[in-house]
Amino acid sequence: MTANSPDSGSPSPQTPKASLSSRLRNFIIALVAIILGVALFLGLQTQTGSASLDAQAEESTPLEVAMSNGKPTLMEFYANWCTTCQAMAQDLGELKQQYTDSVNFVMLNVDNSKWLPEILNYRVDGIPHFVFLDAQGEAIAQTIGEQPRPVLEANLEALVADLPLPYTQGDGQVSTFKAPVSSSKTSPDDPRSHGSQVN
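Under the numbering used here, the first residue of the sequence shown is numbered 163, with each subsequent residue one higher.
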């Protein structure tokens, strides 16, 4: 056997090219897998945020009760598609647990036409939109956009103590929302009604 014979075990001239092609293919597969993993993670985070908002809305105090039970109220206008609302959901859920005995937490979904009178009354044009109501149900302050937890907590402390709210001019990150021009009622069968039971 000669040193250049096919049986000598030396690499063929095609091996480096095949190896480079194989590496490139493996790199692309790994890159696509990473991108898909990140997209799946972000998608699950959004679904989790929406589920959390829905769960909190189900557990929130009905507006009619909040207006008549003699406790101050934090009213939040929100939507499931609002990423800022989703980002604040955990903090608001924890604050709700902390202040459940002394403050009503009301959540009104801006996608539900049932709340159009309130949307127009409080001039909601971005969400999250928070309205602070005293024990008699009168609006005393409003904030719009993302609010840090310490700011919300300080405002809730003042609300409970019937003192002026320290942070009511904050305008954090907002999801733009435009209320429908007319307040005409939609049929429960109308797909735009989003169901009559949605908060």
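Glycine included, each C-beta is placed from N, C-alpha and C at the ideal position.
Looking at 198, 226 and 317, the one whose alpha-carbon comes closest to that of residue 261 is 317. By a beta-carbon distance limit of 8 Å, residue 229 does not contact residue 308. Their separation comes to about 27 Å.
For residue 250, the three-state secondary structure derived from DSSP is helix. Annotation for residue 293: 237, 284, 301 and 304 place their beta carbon closer than 6 Å to its own, counting only its chain and skipping 5 residues before and after. Measuring C-alpha to C-alpha distances from residue 314 to each of 257, 325 and 200 identifies 257 as the nearest. Between residue 254 and residue 193, the alpha-carbon positions lie close to 37 Å from each other. In this structure, residue 330 sits away from residue 268, with a CB-CB distance that is not shorter than 8 Å. Closest in C-alpha terms to residue 286, from the list 272, 180, 220 and 243, comes 272.
Rounded to whole angstroms, the separation of the alpha carbons of residue 245 and residue 252 is 13 Å. Per DSSP, residue 318 lies in no beta strand (DSSP E) segment; the continuous alpha helix (DSSP H) that holds it begins and ends at 311-322. According to the DSSP assignment, residue 226 belongs to no beta strand (DSSP E) but to the alpha helix (DSSP H) extending over 225-228.
CA-CA distance, residue 233 to residue 248, rounds to 26 Å.
Counting only unbroken stretches of 3 or more residues, the beta strand (DSSP E) elements lying wholly within the region 251-316 are 266-271, 291-295 and 301-306, in sequence order.
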